[in-house]
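Asks: The structure's right below; bear with me while I get my questions together.
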Amino acid sequence: MVAEVPDRHPVVLVHGIYDTRAKFATMVDFLTQGGWSVHCLDLEPNDGSASLTVLATQVQQYIDQKFAPQQPVDLIGFSMGGLVTRYYLQRLGGVERVRRYITISAPNQGTLLGYSLPYQGVREMAWQSDFLRDLNRDCCELLAGLQVTVIWTPFDLMILPPSSSHLEIGREIILPVLVHAWMVSDTRCLAEVALALAKPLT
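According to this note's numbering, the stretch in the sequence shown is residues 9 to 210, in order.
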(Lines of atoms letter the chains of each structure in order from A and count residues from 1; the text may use other names and numbers.)
(Lines give C-alpha, C1' and ligand atoms only; values in the text may rest on other atoms or scores of the structure.)
Protein backbone atom coordinates (compact mmCIF):
# COMPACT_ATOMS: atom_id res chain seq x y z
CA MET A 1 0.00 0.00 0.00
CA VAL A 2 1.41 3.40 -1.02
CA ALA A 3 1.60 5.97 1.76
CA GLU A 4 -0.20 9.22 1.06
CA VAL A 5 2.17 12.07 0.23
CA PRO A 6 0.89 15.64 0.59
CA ASP A 7 1.14 17.73 -2.56
CA ARG A 8 2.20 14.75 -4.69
CA HIS A 9 3.08 15.92 -8.20
CA PRO A 10 4.28 14.26 -11.39
CA VAL A 11 8.08 13.97 -11.38
CA VAL A 12 10.14 14.89 -14.46
CA LEU A 13 13.69 13.49 -14.76
CA VAL A 14 16.33 15.14 -16.96
CA HIS A 15 19.50 13.18 -17.80
CA GLY A 16 23.13 14.18 -18.27
CA ILE A 17 25.63 14.28 -21.10
CA TYR A 18 25.84 11.17 -23.33
CA ASP A 19 22.85 9.69 -21.49
CA THR A 20 19.23 9.05 -22.45
CA ARG A 21 16.10 8.50 -20.41
CA ALA A 22 17.29 4.90 -19.98
CA LYS A 23 19.81 6.20 -17.43
CA PHE A 24 16.95 6.58 -14.99
CA ALA A 25 15.58 3.02 -15.26
CA THR A 26 16.32 2.18 -11.63
CA MET A 27 15.04 5.51 -10.33
CA VAL A 28 11.88 5.29 -12.43
CA ASP A 29 11.10 1.83 -11.06
CA PHE A 30 11.85 2.92 -7.50
CA LEU A 31 9.71 6.05 -7.62
CA THR A 32 6.89 4.37 -9.52
CA GLN A 33 6.72 1.69 -6.85
CA GLY A 34 6.56 4.51 -4.32
CA GLY A 35 3.46 5.85 -6.00
CA TRP A 36 4.84 8.69 -8.11
CA SER A 37 4.00 9.35 -11.74
CA VAL A 38 7.44 9.59 -13.34
CA HIS A 39 8.29 11.11 -16.71
CA CYS A 40 11.53 11.35 -18.73
CA LEU A 41 12.61 12.88 -22.01
CA ASP A 42 15.60 12.41 -24.29
CA LEU A 43 17.66 15.57 -24.78
CA GLU A 44 18.93 15.99 -28.34
CA PRO A 45 21.79 16.28 -29.00
CA ASN A 46 23.09 14.72 -25.79
CA ASP A 47 26.81 15.15 -26.49
CA GLY A 48 27.30 18.73 -25.32
CA SER A 49 27.56 20.11 -28.84
CA ALA A 50 24.45 22.30 -28.46
CA SER A 51 23.99 25.11 -25.99
CA LEU A 52 22.32 24.12 -22.75
CA THR A 53 19.75 26.80 -23.54
CA VAL A 54 18.58 24.69 -26.50
CA LEU A 55 18.17 21.65 -24.26
CA ALA A 56 16.34 23.72 -21.64
CA THR A 57 13.82 24.71 -24.30
CA GLN A 58 13.19 21.00 -24.89
CA VAL A 59 12.42 20.58 -21.18
CA GLN A 60 10.04 23.52 -21.35
CA GLN A 61 8.26 22.13 -24.39
CA TYR A 62 8.01 18.65 -22.88
CA ILE A 63 6.44 19.92 -19.65
CA ASP A 64 4.10 22.32 -21.43
CA GLN A 65 2.88 19.60 -23.80
CA LYS A 66 2.71 16.79 -21.25
CA PHE A 67 0.85 18.51 -18.44
CA ALA A 68 -2.08 20.86 -18.11
CA PRO A 69 -1.11 24.49 -17.47
CA GLN A 70 -2.38 24.36 -13.89
CA GLN A 71 -0.53 21.11 -13.06
CA PRO A 72 2.53 21.63 -10.82
CA VAL A 73 5.47 19.27 -11.30
CA ASP A 74 8.55 18.24 -9.37
CA LEU A 75 11.84 18.29 -11.28
CA ILE A 76 15.08 16.31 -11.00
CA GLY A 77 18.24 17.09 -12.98
CA PHE A 78 21.26 14.79 -13.05
CA SER A 79 24.73 16.03 -14.04
CA MET A 80 24.36 18.20 -17.18
CA GLY A 81 20.62 17.88 -16.67
CA GLY A 82 21.04 19.87 -13.48
CA LEU A 83 22.20 22.90 -15.43
CA VAL A 84 19.63 22.38 -18.18
CA THR A 85 16.86 22.34 -15.58
CA ARG A 86 18.26 25.37 -13.80
CA TYR A 87 18.16 27.36 -17.03
CA TYR A 88 14.57 26.23 -17.53
CA LEU A 89 13.69 27.32 -14.01
CA GLN A 90 15.59 30.59 -13.94
CA ARG A 91 15.31 31.84 -17.52
CA LEU A 92 12.29 30.12 -19.10
CA GLY A 93 9.74 30.58 -16.34
CA GLY A 94 9.95 27.07 -14.93
CA VAL A 95 9.76 28.40 -11.38
CA GLU A 96 6.07 29.05 -12.03
CA ARG A 97 5.41 25.32 -12.61
CA VAL A 98 7.90 23.48 -10.41
CA ARG A 99 7.46 23.00 -6.65
CA ARG A 100 10.25 20.61 -5.64
CA TYR A 101 13.61 20.71 -7.38
CA ILE A 102 16.44 18.20 -6.94
CA THR A 103 19.89 18.34 -8.50
CA ILE A 104 22.08 15.25 -8.44
CA SER A 105 25.82 15.64 -9.10
CA ALA A 106 25.28 18.76 -11.20
CA PRO A 107 28.25 21.06 -11.99
CA ASN A 108 26.52 24.07 -10.46
CA GLN A 109 29.79 26.00 -10.26
CA GLY A 110 31.25 24.20 -13.27
CA THR A 111 33.74 21.42 -13.87
CA LEU A 112 37.31 21.48 -15.13
CA LEU A 113 36.27 18.84 -17.67
CA GLY A 114 34.26 21.59 -19.33
CA TYR A 115 37.53 22.61 -21.01
CA SER A 116 38.01 19.16 -22.55
CA LEU A 117 36.00 19.69 -25.76
CA PRO A 118 35.36 22.76 -27.92
CA TYR A 119 31.58 22.24 -27.86
CA GLN A 120 29.30 25.04 -26.74
CA GLY A 121 27.34 22.99 -24.22
CA VAL A 122 30.51 21.49 -22.77
CA ARG A 123 32.14 24.92 -22.45
CA GLU A 124 29.03 26.23 -20.71
CA MET A 125 29.68 23.60 -18.04
CA ALA A 126 33.29 24.73 -17.55
CA TRP A 127 34.44 26.04 -14.19
CA GLN A 128 32.96 29.51 -13.61
CA SER A 129 31.86 29.88 -17.24
CA ASP A 130 29.93 32.98 -18.31
CA PHE A 131 26.84 30.77 -18.58
CA LEU A 132 27.20 29.68 -14.95
CA ARG A 133 28.11 33.11 -13.67
CA ASP A 134 24.85 34.36 -15.17
CA LEU A 135 22.79 31.56 -13.58
CA ASN A 136 24.48 31.88 -10.20
CA ARG A 137 24.05 35.63 -9.87
CA ASP A 138 20.32 35.36 -9.15
CA CYS A 139 20.00 31.68 -8.24
CA CYS A 140 19.03 32.24 -4.61
CA GLU A 141 16.49 34.90 -5.49
CA LEU A 142 14.76 32.97 -8.28
CA LEU A 143 14.76 29.55 -6.64
CA ALA A 144 13.70 30.82 -3.21
CA GLY A 145 10.10 29.77 -3.78
CA LEU A 146 11.03 26.15 -4.53
CA GLN A 147 11.85 23.31 -2.18
CA VAL A 148 15.43 22.66 -3.33
CA THR A 149 17.58 19.60 -2.58
CA VAL A 150 21.20 19.34 -3.73
CA ILE A 151 22.79 15.86 -3.73
CA TRP A 152 26.42 15.12 -4.62
CA THR A 153 29.40 12.88 -3.91
CA PRO A 154 32.90 13.97 -2.85
CA PHE A 155 34.36 11.15 -4.99
CA ASP A 156 33.04 12.56 -8.27
CA LEU A 157 35.58 12.46 -11.11
CA MET A 158 33.26 14.11 -13.64
CA ILE A 159 32.48 17.17 -11.56
CA LEU A 160 35.90 18.64 -10.76
CA PRO A 161 36.17 19.77 -8.08
CA PRO A 162 33.26 17.70 -6.70
CA SER A 163 32.32 20.52 -4.33
CA SER A 164 31.24 22.60 -7.33
CA SER A 165 27.93 20.74 -7.14
CA HIS A 166 27.18 22.98 -4.16
CA LEU A 167 24.43 25.59 -4.46
CA GLU A 168 23.90 28.54 -2.15
CA ILE A 169 20.30 27.49 -1.61
CA GLY A 170 18.39 24.42 -0.48
CA ARG A 171 19.14 21.32 1.57
CA GLU A 172 22.52 19.77 0.74
CA ILE A 173 23.12 16.02 0.99
CA ILE A 174 26.62 14.60 0.50
CA LEU A 175 26.78 10.86 -0.13
CA PRO A 176 29.96 8.70 -0.35
CA VAL A 177 29.11 7.21 -3.77
CA LEU A 178 32.28 6.15 -5.57
CA VAL A 179 31.29 6.83 -9.19
CA HIS A 180 29.41 9.77 -10.76
CA ALA A 181 27.24 7.52 -12.93
CA TRP A 182 26.12 5.44 -9.97
CA MET A 183 24.39 8.35 -8.27
CA VAL A 184 21.02 7.83 -9.96
CA SER A 185 20.88 4.14 -8.99
CA ASP A 186 22.55 4.17 -5.56
CA THR A 187 20.06 3.09 -2.90
CA ARG A 188 21.08 5.92 -0.56
CA CYS A 189 20.51 8.51 -3.24
CA LEU A 190 17.17 6.98 -4.21
CA ALA A 191 16.07 7.10 -0.58
CA GLU A 192 17.03 10.79 -0.30
CA VAL A 193 15.19 11.59 -3.53
CA ALA A 194 12.05 9.90 -2.21
CA LEU A 195 12.32 11.80 1.08
CA ALA A 196 12.70 15.10 -0.77
CA LEU A 197 9.71 14.37 -2.99
CA ALA A 198 7.61 13.32 0.00
CA LYS A 199 8.46 16.32 2.14
CA PRO A 200 5.39 18.57 2.50
CA LEU A 201 5.66 21.94 0.85
CA THR A 202 6.04 24.89 3.16
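No residue lacks a Cβ here, since even glycine has one placed at the ideal position from N, Cα and C.
Rounded to whole angstroms, how far is the Cβ of S45 from the Cβ of F86, which I believe are closer than 8 angstroms?
Replies: For the purposes of this step, residue 45 is taken as residue 37 along the sequence shown, with counting starting at 1. For the purposes of this step, residue 86 is taken as residue 78 along the sequence shown, with counting starting at 1. Not really, about 19 angstroms apart at Cβ, beyond 8 angstroms.
Asks: Go ahead and pull the three-state DSSP assignment for H188.
Replies: The residue you call residue 188 lines up with position 180 of the sequence shown. If DSSP states are grouped into helix, strand and coil, H188 belongs with the helices.
Asks: Start and end of the beta strand (DSSP E) containing E180?
Replies: Start at 1 with the first residue of the sequence shown, and residue 180 comes out as number 172. First-last of the beta strand (DSSP E) with E180: R179 to I182.
Asks: Residues in its own chain within less than 6 angstroms of H188 by CB, not counting five upstream and five downstream?
Replies: Taking the sequence shown and counting its residues from 1, one reaches residue 188 at position 180. Correct list, in chain order: S113, D164 and M166.
Asks: M133 to T111, Cα distance in whole Å?
Replies: The residue you call residue 133 lines up with position 125 of the sequence shown. The residue you call residue 111 lines up with position 103 of the sequence shown. M133 and T111: Cα-Cα distance of roughly 15 angstroms.
Asks: For M191, collect the residues of the same chain with a Cβ closer than 6 angstroms to its Cβ; drop the 5 residues on either side in sequence, then sort them by chain order.
Replies: Locating residue 191 in the sequence shown gives position 183, counting from the first residue. Excluding positions up to five away in sequence, the list reads I112, S113, V185 and C197.
Asks: Is the distance from the Cβ of G129 to the Cβ of S57 below 8 angstroms?
Replies: Here the question's residue 129 lines up with position 121 in the sequence shown. Here the question's residue 57 lines up with position 49 in the sequence shown. Closer than 8 angstroms, so yes.
Asks: Of the choices L60, A76 and Q73, whose alpha-carbon is the least far from that of H23?
Replies: As a first step, residue 23 must be located in the sequence shown, where it is residue number 15. Residue L60 is the option with its Cα nearest to H23.
Asks: Less than 7 angstroms between C-beta atoms, sequence neighbours within five positions excluded: which residues of the same chain meet that for F75?
Replies: Here residue 75 refers to the residue found at position 67 when the sequence shown is read from its first residue. These residues qualify, in order along the chain: P18 and V81.
Asks: Three-state secondary structure (DSSP) at D164?
Replies: The residue labelled residue 164 in the question sits at position 156 within the sequence shown. Coil.
Asks: How big is the Cα-Cα spacing for T34 and T28?
Replies: As a position in the sequence shown, residue 34 is number 26, starting the count at 1. As a position in the sequence shown, residue 28 is number 20, starting the count at 1. One C-alpha to the other measures close to 13 angstroms.
Asks: Can you grab the Cα-Cα spacing for the pair L39 / F139, in whole Å?
Replies: To locate residue 39, count along the sequence shown from 1; it is residue 31. To locate residue 139, count along the sequence shown from 1; it is residue 131. Between L39 and F139, the C-alpha separation is close to 32 angstroms.
Asks: Do I181 and T210 have their C-beta atoms closer together than 8 angstroms?
Replies: Along the sequence shown, one-based indexing puts residue 181 at 173. Along the sequence shown, one-based indexing puts residue 210 at 202. Contact flag unset, no.
Asks: State buried or exposed for L203, treating a residue as buried only when at least 16 other CB atoms are found within 10 Å of its CB.
Replies: As a first step, residue 203 is located in the sequence shown; it is residue number 195 there, counting from the start. With fewer than 16 other Cβ atoms within 10 Å, it is exposed.
Asks: By the 10 Å Cβ neighbour count, where 16 or more other Cβ atoms means buried, how is R108 classified, buried or exposed?
Replies: Along the sequence shown, read from residue 1 onward, the residue named residue 108 stands at position 100. Result: buried.
Asks: Quick one: complete alpha helix (DSSP H) runs, 4+ long, within the region 45-109?
Replies: DSSP runs (the alpha helix (DSSP H)) wholly in the region 45-109: 60-74 and 88-99.
Asks: Going by Cα to Cα distance, which pick from I71, L168 and N54 is closest to W135?
Replies: In the sequence shown, counting from the first residue as 1, residue 135 sits at position 127. Cα-wise, what sits closest to W135 is L168.
Asks: By a C-beta neighbour count over all protein chains shown, 10 Å radius and 16 as the cutoff for buried, is G122 buried or exposed?
Replies: As a working note, residue 122 is residue 114 in the sequence shown. By the neighbour-count rule (16 or more Cβ atoms within 10 Å), G122 is buried.
Asks: Which residues bound the alpha helix (DSSP H) around L150?
Replies: Here residue 150 refers to the residue found at position 142 when the sequence shown is read from its first residue. Element bounds for L150: C147 to L150.
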